[in-house]
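Novice: Numbering (this note's numbering), first residue to last: 208 to 1201.
Every residue, glycine too, gets a C-beta built ideally from N, C-alpha and C.
Values in this document were obtained by computation on a predicted structure and should not be read as measured data.
The structure under discussion is supplied below as structure tokens; questions concerning it will follow.
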Ligand code: ADP
Ligand code: MG
């Protein structure tokens, strides 16, 4: 077998890598032969011996090396166990279905297992048995006792694979667990404690967030480290899901949207635009009639800007001459020299929609329609110059300046919010289509995953877009939610010491896997030669012609009883085809993806004689299609794609559903010029030329291998673009990820430490000197301010005279005060019960971290939104975001520390102890600023209660306000030149006191 495989592989890097593994395959098989004579117990004893040996190696590096050494023997043990189960016809149930074990690892599966063990991606076609492949590295890596995880796409598959492969693991003496959505923490903890644990990416990810962002004791945490994980359907998870992070959220405290208010006006505006675009399109028609192609093209380009899905536009795009004229107009307008003209053209519309980037922009006309009295209501004011003007106004006092500035800031925030609301509504009306991007069910807007066609109940578009769509559909507008914890799947997987993946389709995305995740791809040859026939695409001018041809072909196979699997790119298309099939009285199943188990059954039945199955996107479905009796003689399963997907990978997934394990099978794709891919990415144009050369008539189809190439070129272009978008999302997320790591590490330190007081003291050591510096390390040291801060934060009762601050250096003062604070703290806690104090100390820090971290997440969301607004000012949003985010994080850490200090003496484990402590304080302290009425066990969120005094006012006797910094967008960047014109950076000038 191995030799046959190797003969197939020549020259390529992949072949060289696999060829190097071939001798190991031979050794595994030799061991497997030897083991045949062992008793079950003797085979099992190997697991125990290895576990024992590995548990005594503490250096991770050495442990990995040891695993490499025992790999051939360990894989052979697994294979041998599979053989025993097969020989005994071992029976069991999986998801309540009876089954008999019938598999022994093939050589290609051993190869795949090795690739996974090396922390790479194994590309193995559908039906090659990846579920079984994973058992080899999972077993081997679990021998360390540190847990191996297998990540699947849904709960049903997690349970199925755990119960199925569990037969093998239990035979070998390893435990296997499985995480399911509805399990409570105790059950989860037991599952994670198993040697091998199956579960979905979102369950793993959410458990991580809860463990690290919410649990307050070790006992509440369920996971136990991130050692080795294999991600099944890795492309689906790392690429398709790359744009939706896992979010744990709670209802937001405030809701500011005005979607209801704007909806009627926006509806009118959209209607006006439609009328306008129709009129322009008719003019264009006349121009074309008079052979004025240039004018026609220009007019239609305008329509495209204003209403990309205008019916007349779509119709004209079918005509090769007109299409060329329109594309030509578009191209010429995007030249740099015509920027001005393009701007004027846009101004003739009410708004413009960019179909590619999903963005909507109001023109002057649009603005005055929405608010005739004040079109400027939709323009962001130029804060920087306004601030400068205020600063230069000598007639104003400092106080008045601050007041004015904060008014302008507030005004700007309101504007930004309004612009955002309107832009969301325009997008909701013009770019988001019902039954394509979303469906309306039970008075709710439910997102449809564009990649899988699955409904995603419970998920919401962010940034208020979801509410805009709810307003459009006239359903209940749900409240905004606030992010409590968030992570992208990608960053969750980066936690693992070793990560591997498997899928039927990784090769086309190999560059992305390698660049972003450092995962290399190895393509494993199939166990048997592939007998699938891939026919050339059939290409039509219009969708209508295409669908008619699709139905005709389905019928052709159906009358022979040959099963057909029909792939579509949207739920809408699936429903359309279903209606057409009904008319033809062809029975069929539509995968509605509501219930995974039911879905798996439908997919599994798709190979039976005479079945027709319609499915939106087959990627990541994880159930393979076995052929029914007699079907091989009919040519096997016929796969029919009704549209080329944006990514070639998804098309390959669909094709791969037939001809598994050497079965017969065939596939064909249908394409029309009206398909989005063809319209948006220029493939149609090239083809129109080819069509003309062939002299094609209306209703006729085109079919040639060159045409497949053109489609592929368009696909590659989209893949590139989508890759850039994903990369950018990740670049943004990286910033967040670093911050999260710092915060979560601190949290875990606090949870784990036996000596939480040392954590508290560390905070004192850092925060007190920072404050001292703030007051004293300036041109005019503010001693009374410092004393005031000390006395309002700690019950020290320091007076100017007692403290003698003037006699010491800044550094000495810091040390002096640190000593005082610690001394007072020791005194306070001496009145309390030691274990209670420990948990109180933990609580004080965790409480401060959690509360402020959540506010920070909220501010980061706003920042991210805000930098895009700033993007208009020709700045790179990512760089802006990074700088701002860094500054905000520094402030967050300082705020957390200050909050810890602030609550230190305002919390108690026990009221009696607190009263005892109060009794030891000097009388005068008990009057005003002293800690008052603590709640047992809780740090009081005192900041909410305190009144912020006038901005920046730090006069005598005033309580200095250290409100957590909440950013309003836009503002002057800390590193930008100060608007006062001093030439210094803002943060070193006016920004210092602001
Ligand atoms: P994949 O995930 O690669 O698409 P699956 O793991 O779902 O494939 O397996 C597909 C089918 O192949 C399963 O029904 C399984 O029973 C069968 N199979 C896998 N490996 C073997 C084997 N070594 N011998 C016999 N059948 C196998
Ligand atoms: Mg699978």
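Along the chain, where does the alpha helix (DSSP H) containing residue 982 start, and where does it finish?
Specialist: As a working mapping, residue 982 is identified with position 775 in the chain shown. Per DSSP, residue 982 belongs to the alpha helix (DSSP H) from 963–983.
Novice: Ordered along the chain, which non-local residues of its own chain (more than five positions away) have a Cβ less than 8 Å from that of residue 596?
Specialist: Residue 596 sits at position 389 when you count from the first residue of the chain shown. Around residue 596: no qualifying Cβ.
Novice: Can you name the start and end residues of the beta strand (DSSP E) that residue 875 belongs to?
Specialist: Counted from its first residue, the chain shown places residue 875 at position 668. From DSSP, the beta strand (DSSP E) with residue 875 extends over 871–879.
Novice: Counting only the same chain and skipping the five closest in sequence on each side, list residues whose C-beta sits under 7 Å from that of residue 279.
Specialist: Stepping through the chain shown from its first residue, residue 279 is reached at position 72. So the list reads 231, 234, 235 and 238, once near-sequence residues are dropped.
Novice: Taking DSSP as the reference, what is the three-state secondary structure of residue 350?
Specialist: Along the chain shown, read from residue 1 onward, the residue named residue 350 stands at position 143. Three-state DSSP puts residue 350 in coil, outside helix and strand.
Novice: Does the pairing of the region 862–872 with the region 834–852 give three or more beta-carbon distances under 8 Å?
Specialist: Short answer: they touch.
Novice: Below 8 Å on the Cβ atoms is my contact criterion, and I expect residue 672 with residue 622 to pass it. Report the Cβ-Cβ distance as a whole number of Å.
Specialist: Along the chain shown, read from residue 1 onward, the residue named residue 672 stands at position 465. Along the chain shown, read from residue 1 onward, the residue named residue 622 stands at position 415. With 8 Å as the limit, residue 672 and residue 622 do not qualify as a contact, their Cβ atoms being about 19 Å apart.
Novice: Which value, in whole angstroms, describes the spacing of the CA atoms of residue 257 and residue 850?
Specialist: Sequence index remark: in the chain shown, residue 257 carries index 50 (1-based). Sequence index remark: in the chain shown, residue 850 carries index 643 (1-based). Approximately 52 Å, taken between the alpha carbons.
Novice: Quick one: complete alpha helix (DSSP H) runs, 4+ long, within the region 287–319?
Specialist: Here no run is fully enclosed.
Novice: Please determine if the region 641–653 and the region 694–705 are in contact, where contact requires at least 3 C-beta pairs separated by less than 8 Å.
Specialist: Flag = no, the region 641–653 and the region 694–705 do not touch.
Novice: May I ask whether a heavy atom of the ligand ADP can be found less than 8 Å away from the beta carbon of residue 339?
Specialist: Sequence index remark: in the chain shown, residue 339 carries index 132 (1-based). Yes - the ligand ADP has a heavy atom lying nearer than 8 Å to the Cβ of residue 339.
Novice: Does at least one heavy atom of the ligand ZN sit under 8 Å from the Cβ of residue 439?
Specialist: As for the ligand ZN, it is missing from this structure, which binds only the ligand ADP and the ligand MG.
Novice: Give me the Cβ distance between residue 685 and residue 677, rounded to the nearest whole Å; I'm assuming they're in contact under 8 Å.
Specialist: Here the question's residue 685 lines up with position 478 in the chain shown. Here the question's residue 677 lines up with position 470 in the chain shown. Right, the Cβ-Cβ distance comes to about 7 Å (below 8 Å), so this counts as a contact.
Novice: For residue 821, which residues does DSSP report across the bridge?
Specialist: As a working mapping, residue 821 is identified with position 614 in the chain shown. Residue 821 is bridged to 773 and 797.
Novice: Taking the alpha carbon of residue 447 as the reference point, which residue from 932, 1064 and 1091 has its own alpha carbon closest?
Specialist: As a first step, residue 447 is located in the chain shown; it is residue number 240 there, counting from the start. When only C-alpha atoms are compared, the closest one is 932.
Novice: Report buried or exposed for residue 601, applying the criterion of at least 16 other Cβ atoms within 10 angstroms of its Cβ.
Specialist: The residue given as residue 601 occupies position 394 in the chain shown. Classification for residue 601: exposed.
Novice: For residue 302, does the count of other Cβ atoms within 10 angstroms reach 16, so buried, or fall short, so exposed?
Specialist: Taking the chain shown and counting its residues from 1, one reaches residue 302 at position 95. Result: exposed.
Novice: Can you tell me which residues form a DSSP beta bridge with residue 356?
Specialist: Taking the first residue of the chain shown as 1, we reach residue 356 at position 149. Residue 356 pairs with 404 and 436.
Novice: Using the rule of at least 16 other Cβ atoms within 10 Å of the residue's Cβ for burial, across every protein chain shown, is residue 1149 buried or exposed?
Specialist: Numbered from its first residue, the chain shown carries residue 1149 at position 942. Caution is warranted here: a pLDDT of 33 is assigned to residue 1149, below 50, making its placement in the model unreliable, and the coordinate value is therefore given only provisionally. Answer is exposed; the Cβ neighbour count stays below 16.
Novice: Return the CA-CA distance between residue 371 and residue 410, expressed in angstroms with no decimal places.
Specialist: The residue given as residue 371 occupies position 164 in the chain shown. The residue given as residue 410 occupies position 203 in the chain shown. Going from the Cα of residue 371 to the Cα of residue 410 covers about 20 Å.
Novice: Measuring CB to CB, does residue 857 end up less than 9 Å from residue 819?
Specialist: Along the chain shown, one-based indexing puts residue 857 at 650. Along the chain shown, one-based indexing puts residue 819 at 612. No, they are not a contact pair.
Novice: Are residue 348 and residue 729 close, meaning C-beta to C-beta below 9 Å?
Specialist: Walking along the chain shown from the start, residue 348 turns up at place 141. Walking along the chain shown from the start, residue 729 turns up at place 522. No, the Cβ-Cβ distance between residue 348 and residue 729 is not below 9 Å.
Novice: Buried or exposed, going by whether 16 or more other CB atoms sit within 10 Å of the CB of residue 328?
Specialist: Start at 1 with the first residue of the chain shown, and residue 328 comes out as number 121. That one is buried.
Novice: Tell me, to the nearest whole angstrom, how far the beta carbon of residue 753 is from that of residue 877; I am working on the premise that it is less than 8 Å.
Specialist: By one-based count along the chain shown, residue 753 stands at place 546. By one-based count along the chain shown, residue 877 stands at place 670. Indeed they touch by this definition, with Cβ atoms about 5 Å apart.
Novice: Can you round the beta-carbon distance between residue 966 and residue 1025 to whole angstroms, since I take them to be within the 8 Å contact cut?
Specialist: Start at 1 with the first residue of the chain shown, and residue 966 comes out as number 759. Start at 1 with the first residue of the chain shown, and residue 1025 comes out as number 818. The pair is not a contact, with the Cβ atoms about 15 Å apart (cut-off 8 Å).
Novice: Would you call the region 255–270 and the region 764–784 in contact, with 3 or more CB pairs under 8 Å?
Specialist: No: the two stretches stay apart, fewer than three of their Cβ pairs being nearer than 8 Å.
Novice: Any heavy atom of the ligand ADP closer than 8 Å to the CB of residue 804?
Specialist: Taking the chain shown and counting its residues from 1, one reaches residue 804 at position 597. Outside the cutoff, so no.
Novice: I'd like to confirm the pairing. Which residues does DSSP put opposite residue 747 in its beta bridges?
Specialist: One-based indexing of the chain shown puts residue 747 at position 540. 879.
Novice: Using only the alpha-carbon positions, how far apart do residue 482 and residue 578 sit?
Specialist: On the chain shown, residue 482 is found 275 positions in, with the first residue counted as 1. On the chain shown, residue 578 is found 371 positions in, with the first residue counted as 1. Residue 482 and residue 578: Cα-Cα distance of roughly 20 Å.
Novice: Grab me the residues of residue 277's own chain with a C-beta within less than 7 Å of its C-beta, minus the 5 sequence neighbours each way, in chain order.
Specialist: Against the chain shown, residue 277 aligns to sequence position 70. Closer than 7 Å at Cβ, skipping near neighbours: 257.
Novice: Assign residue 742 to one of three DSSP states: helix, strand, or coil.
Specialist: To locate residue 742, count along the chain shown from 1; it is residue 535. The answer is coil: DSSP assigns residue 742 none of H, G, I, E or B.
Novice: Going by beta-carbon coordinates alone, are residue 594 and residue 572 separated by less than 9 Å?
Specialist: On the chain shown, position 387 is the one that residue 594 refers to. On the chain shown, position 365 is the one that residue 572 refers to. No, the pair does not count as a contact, with Cβ atoms beyond the cut-off.
Novice: Go through the region 214–255 residue by residue and report every complete run of the alpha helix (DSSP H) that reaches 4 residues or more, in order.
Specialist: Complete alpha helix (DSSP H) runs here, min 4: 220–242.
Novice: The alpha helix (DSSP H) spanning residue 915 covers which residue range?
Specialist: Here residue 915 refers to the residue found at position 708 of the chain shown. 912–959 is the span of the alpha helix (DSSP H), which, as asked, contains residue 915.
Novice: Since residue 310 and residue 711 should fall inside the 8 Å C-beta cutoff, what is the C-beta to C-beta distance between them, to a whole number of angstroms?
Specialist: Counting from 1 along the chain shown, the entry for residue 310 is found at position 103. Counting from 1 along the chain shown, the entry for residue 711 is found at position 504. Not a contact, Cβ separation roughly 18 Å.
Novice: For my contact list, residue 915 and residue 743 are in at a C-beta cut-off of 8 Å; report their separation, rounded to the angstrom.
Specialist: Locating residue 915 in the chain shown gives position 708, where the first residue counts as 1. Locating residue 743 in the chain shown gives position 536, where the first residue counts as 1. At roughly 6 Å, the Cβ-Cβ gap stays under 8 Å, so residue 915 and residue 743 are in contact.
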